[in-house]
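Taking my numbering, the leading residue of the sequence shown gets 506, the next gets one more, and so forth.
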Amino acid sequence: MTRGRSASLSQTVRQTMVAHARAAAPDECCGLLVGVGRRVDFAIPLSNTDPRPETGFRVDPAEHIAVRRILRRVVPARAIVGVYHSHPRGPATPSPRDIAECHYPDWMFVIVGRAGRSIRAYQLRARGPLRTPIVWRRPARARRSR
Numbered sequence: 506m507t508r509g510r511s512a513s514l515s516q517t518v519r520q521t522m523v524a525h526a527r528a529a530a531p532d533e534c535c536g537l538l539v540g541v542g543r544r545v546d547f548a549i550p551l552s553n554t555d556p557r558p559e560t561g562f563r564v565d566p567a568e569h570i571a572v573r574r575i576l577r578r579v580v581p582a583r584a585i586v587g588v589y590h591s592h593p594r595g596p597a598t599p600s601p602r603d604i605a606e607c608h609y610p611d612w613m614f615v616i617v618g619r620a621g622r623s624i625r626a627y628q629l630r631a632r633g634p635l636r637t638p639i640v641w642r643r644p645a646r647a648r649r650s651r
């Protein structure tokens with residue numbers, strides 16, 4: 506497996522994804538990643554509508570459309586740059602089903618493995634997954650009022 510360019514995710518994004526994965530277990534969770542380019546600023550937890558959520562995920566289409574509508578009005582502009590989901594009992598590596606069902610090859614694909622103990626990012630392409638190193642950003646410090 507080859508490596509691609511790194512992605513930048515905030516610690517808040519990490520906390521959101523791990524909390525969602527733990528709350529959804531033993532089922533897989535899923536959500537969208539919002540930001541600009543390779544920088545992810547928000548993780549938006551969504552409903553998993555897969556008929557077998559213990560072994561797969563499907564982002565709720567109505568929720569996906571609702572996020573897109575909201576993002577059209579956001580200033581400064583943000584876009585959906587990826588998707589995340591969990592593998593509650595398995596590693597944070599793409600399954601054959603993940604690869605086969607990837608409909609957005611330009612998106613970042615983040616997997617939370619084994620109840621949040623590992624998180625990895627990929628780009629899923631027809632020729633195989635491309636591992637994307639993650640750089641975790643610290644939250645910005647709030648300014649003190651004087």
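Ideal placement from N, C-alpha and C gives every residue a C-beta, glycine not left out.
Membership of R642 in the beta strand (DSSP E) is indicated by the continuous run 639-642. DSSP places H608 in the coil class of the three-state scheme, outside both helix and strand. Per DSSP, A597 is not a residue of any beta strand (DSSP E), being assigned neither H nor E. For A548, there is no enclosing alpha helix (DSSP H); the residue is found in the beta strand (DSSP E) stretching over 544-551.
Of the residues T521, M522, V545, the one whose Cα lies closest to the Cα of R642 is V545.
In the structure shown, the three-state DSSP call for A626 is strand.
If you draw a straight line from the Cα of R622 to the Cα of H592, it is about 11 Å long. Rounded to the nearest whole angstrom, the C-alpha separation of A524 and R632 is 32 Å.
Partner residues in the beta bridge of F614, as assigned by DSSP, are V588, Y627. Going by beta carbons, D565 and S552 fall inside the 8 Å limit.
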